[in-house]
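Heads up: the sequence shown begins at 454 in the working numbering, then just goes up one per residue.
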Amino acid sequence: MKINKKLKRSLEKTPKFSQTMKRYKSNKTVSFLMAAVLKVLRDEHGFGAVRLQKFSMDVLKQLEMQSEGYVTYKDILDMIAEETGFDVREEEADE
Numbered sequence: 454m455k456i457n458k459k460l461k462r463s464l465e466k467t468p469k470f471s472q473t474m475k476r477y478k479s480n481k482t483v484s485f486l487m488a489a490v491l492k493v494l495r496d497e498h499g500f501g502a503v504r505l506q507k508f509s510m511d512v513l514k515q516l517e518m519q520s521e522g523y524v525t526y527k528d529i530l531d532m533i534a535e536e537t538g539f540d541v542r543e544e545e546a547d548e
């Protein structure tokens, strides 16, 4: 896919992205999840390279905040549930 190669090259040129991804590269789950989310955003929501790059950087900021102890996984899920009414933990419990 041409867009994926362009996006990858563009993201790799972003120093902050490259440094942060090096921390998570060993975690294949994070890499796969990011790839799956980017594919859905591209295929189902029409995101182009610019919005995919911005989204990727925003996700990485959240991962950095969590790794630096500013926020926890639970904090993020609590905030989403409170602000939107969507609680992924309820979805997980139903399965």
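Note that the Cβ used here is the ideal one computed from N, Cα and C, for glycine as well.
Bear in mind that the values here come from a model prediction, so they are computed numbers and not experimental data.
Legend entry - Which of helix, strand or coil DSSP assigns to M532: Position 79 of the sequence shown, counted from the first residue, corresponds to residue 532. Collapsing the DSSP output to three states places M532 in a helix.
Inset, instruction - Within its chain, find whatever has a CB closer than 8 Å to the CB of Q515; leave out the 5 residues flanking it on each side and keep chain order. - result: Start at 1 with the first residue of the sequence shown, and residue 515 comes out as number 62. Counting only residues of its own chain and dropping the five nearest sequence neighbours on each side, Q515 has a CB closer than 8 Å to the CB of V524 and I529.
Inset, instruction - Please classify Y526: does DSSP put it in a helix, a strand, or coil? - result: Locating residue 526 in the sequence shown gives position 73, where the first residue counts as 1. When DSSP states are grouped into helix, strand and coil, Y526 belongs to the helix group.
Legend entry - Under 7 Å between C-beta atoms of F500 and L494: Here residue 500 refers to the residue found at position 47 when the sequence shown is read from its first residue. Here residue 494 refers to the residue found at position 41 when the sequence shown is read from its first residue. Remark: C-beta atoms of F500 and L494 approach each other more closely than 7 Å.
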